[in-house]
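Undergrad:
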Amino acid sequence: MTALVLEPGIAAEAPSSGGVRVVVERARRVFAGSGVVLDGLDLDVAAGTFVALLGPSGCGKSTLLRLVAGLDQADGGSVRLVSPDGATRPRIAYVFQDAHLLPWRDVLDNAALPLELSGVSREERREQALAALQQVGLGDAAARYPAELSGGMKMRVSLARALVTRPSILLLDEPFAALDELTRQRLDDQLRALWLDLGMTVLFVTHSNAEAAYLAERCIVFSRRPARILLDAPIDLPRERAASLRSDPRFARVLGPLQDALLAGEAP
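Each step along the sequence shown adds one to the number in UniProt numbering, with nothing skipped, and position 121 is 121.
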C-alpha cells in the first residue's frame, strides 16, 4: 500500500513545498537474523533532486527508503528531512512495487484515500484526487474499478494516490519492476515529467541501470551489505528526455560506469 506521513487536516489545495533535503549521517541498521544492513552510511540529497538507488538485492536500498520515510528507525546515526524554510513539516509519499488498490473502491476513491484518512472533506478530496488522476492520464478512468485495469494503469493509480497530498518527497521502491518493458518506459516518461513539473525530491530504487540513468539526475550504487556507496555520480544528460535518448551514444557512455559499479557491488 502507498504509505504516507501526512499533516493532520492537510488542505486539498495545499501547494507542493518544492522538495526537501535528505541528510543521512552515520546511519546504522541491524536486523536480528540477517545482521548489519547499514553501517555508518552518509548521504546528502539536495532538495528537489531526482536520485536513483542501485545495488544488489538485499543490500539495504529499501531499508534506506523506510528510514527516510519514518517507517523504520535507525539503530545509530540519524536520518533527517530538512524543509527549505526549516519549519514546514515535510509531506512524504511512498510507492511500493505492488499497487495494492482496494478492490471495492473505484479509481477516484482509491486515489482519494490519503486525503480521506487525513480528514479532508469528501468534496475537496474528490476534486484533488481527480486532478491527480488527470496528472497521470487517468482522468477518464475515475469511475472504473481495479479489476478493470491493466498492471500499468494500476501503478498509475498508485502514483496518483501518492501525488494527491502534494508531497515534498516521493519514495519509490521498484514501482515498475513487474511491468512489461514498453509499459515501464511509458511510466518512466510520465514520472520524470511529473517530477519536472512538481519539483519534489525523489528517491527511486531500481535494479535497472538503464531506468536509473534515464530517470535520475544522480545515481548512487551500493555494495553488498553492509551497504557502502561504490559510485555517486551525476547523470550528464539533457534535462528534457525522450525515448530516443536510449539509443543515443551519450546514454551508452552514462551506462558504462553504472554497470561497472553494479558488477563490483555483486563481488563478494
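Glycine included, each C-beta is placed from N, C-alpha and C at the ideal position.
Around the Cβ of P167, are there at least 16 other Cβ atoms within 10 angstroms (buried) or fewer (exposed)?
TA: buried
Undergrad: Where does T49 fall in DSSP's three states?
TA: coil
Undergrad: Check whether the region 180-193 and the region 92-106 touch, using three or more Cβ-Cβ pairs below 8 Å as the test.
TA: no
Undergrad: Give the DSSP-derived three-state secondary structure of F96 in the structure shown.
TA: coil
Undergrad: Is L6 helix, strand or coil by DSSP?
TA: Bear in mind that a pLDDT of 32 at L6, under 50, signals an unreliable position, so the number given afterwards is only what the model happens to contain. Looking at L6 - three-state DSSP - the assignment turns out to be coil, as it is neither helix nor strand.
Undergrad: I need the DSSP call for S244, collapsed to helix, strand or coil.
TA: helix
Undergrad: Run through DSSP, which three-state label would T201 get?
TA: strand
Undergrad: Per DSSP, what kind of secondary structure is E25 in: helix, strand or coil?
TA: strand
Undergrad: Let me know the secondary structure DSSP gives S121 once reduced to three states.
TA: coil
Undergrad: Taking only runs of the beta strand (DSSP E) that begin and end inside the region 157-233, which ones reach a length of at least 3 residues, in chain order?
TA: You should have 169-173, 201-205, 218-222.
Undergrad: What residues in its chain sit with their C-beta under 8 Å from that of A143, if we drop five residues either side in the sequence?
TA: Contacts found: D106, V107, L108.
Undergrad: In chain order, what residues of the same chain have a beta carbon less than 7 Å from the beta carbon of A216, not counting five sequence neighbours either side?
TA: F50, V51, A52, F204, I235
Undergrad: Drop a sphere of 10 angstroms on the beta-carbon of L187, count the other beta-carbons inside from all chains shown, and report buried for 16 or more, exposed for fewer.
TA: buried
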